[in-house]
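J.: Have a look at this one before I ask anything.
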């Protein structure tokens, strides 16, 4: 680490359970964020700020005016711009040391290998179930930890699957049958700070995984109620009839 990096990350280096070893681990790792909307905005900002080595952003969408209340990385001047291109510009301005890669596309079975190959952790910040299911199956098959976040209305949720250590329970044990309509902010609404709360938690988990510092539990669903401000947790169990990990 050079003198500028030591100064930039000095507050993290002061942490006795992080210090220079954690920073070096983090700066040598590759995180992939799928979805550059509200969750991805926040998670990417904190990962870049913390000094992750490589960050890949994947999204096929353009910024709309209605995105701005919760997708706080963007500005009014970014409306109609591809999300990943605007995000790349703003994030690179925050930390020129981080290598930023972007893919303006929707993941499918043909491109997923090329887009996710080399990832040390995957953050699922997308907004459709088909992509979530495909990503989880890829992460499980390649033994890559998956940090899955979601937010709708006043509620948010976070669950981490340590596929590098365990295979069950898996994402499909939690959601064996979920339609994209149920996940849509367009029809259900969303309040911005709830999205931000979950995105921050996703970034925190990713930093702990990449730095090899701190504890991250496999298959524990954390639910956040924005109206009450309360969290509750539940440990998932394997579904013996799960089409992915069931026996």
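Residue numbers (the UniProt record's numbering): 1 to 247. In this text, a Cβ means the ideal position worked out from N, Cα and C, and glycines have one as well.
1) Hey, residue 51 and residue 98 are a contact pair by Cβ (cut 8 Å); roughly how many whole angstroms apart?
2) The alpha helix (DSSP H) that contains residue 140, what's its start and end?
3) Out of 125, 131 and 138, state which residue places its alpha-carbon closest to the alpha-carbon of residue 156.
4) Of the choices 73, 243 and 169, whose alpha-carbon is the least far from that of residue 93?
5) For a test of the three-state rule: what should DSSP assign to residue 205, helix, strand or coil?
6) Tell me whether the beta-carbon of residue 191 lies closer than 7 Å to the beta-carbon of residue 154.
7) Is residue 99 helix, strand or coil when you go by DSSP?
8) Compute the beta-carbon to beta-carbon distance between residue 84 and residue 114, rounded to the nearest angstrom, for a pair I have assumed lies under 8 Å.
9) Are the CB atoms of residue 220 and residue 151 within a distance shorter than 7 Å?
10) Are the CB atoms of residue 168 and residue 88 within a distance shorter than 7 Å?
11) Checking the sheet assignment: what are the DSSP bridge partners for residue 112?
12) In the DSSP assignment, what residue or residues form a beta bridge with residue 149?
13) Starting from residue 234, follow its DSSP beta bridges and name the residues at the other end.
14) Pull the bridge partners of residue 124 from the DSSP assignment, please.
15) Would you decide whether residue 143 is buried or exposed? Buried here means 16 or more other CB atoms lie within 10 Å of its CB.
16) Helix, strand or coil: how does DSSP classify residue 42 here?
T.: Let's see:
1) Contact between residue 51 and residue 98 holds, since their C-beta atoms are separated by about 7 Å, short of 8 Å.
2) 129-142 is the span of the alpha helix (DSSP H), which, as asked, contains residue 140.
3) Closest option to residue 156, Cα to Cα, is 125.
4) The candidate whose alpha carbon is nearest that of residue 93 is 73.
5) DSSP, reduced to helix, strand and coil, places residue 205 within a helical segment of the structure shown.
6) Contact flag set, yes.
7) Here DSSP, grouped into helix, strand and coil, assigns residue 99 to strand.
8) Between residue 114 and residue 84 the Cβ distance is about 15 Å, and since that is not below 8 Å, they are no contact.
9) In this structure, residue 220 does not lie closer than 7 Å to residue 151 by Cβ.
10) Note that the C-beta distance between residue 88 and residue 168 is not below 7 Å.
11) Looking at the DSSP assignment, residue 112 forms no beta bridge with any residue, so it has no partner.
12) Per DSSP, the beta-bridge partners of residue 149 are 158.
13) In the DSSP secondary-structure assignment, residue 234 is bridged to 221.
14) Beta-bridge pairing links residue 124 to 34 and 148.
15) Exposed: under 16 other Cβ atoms inside 10 Å.
16) Of the three classes helix, strand and coil, the one that applies to residue 42 here is helix, per DSSP.
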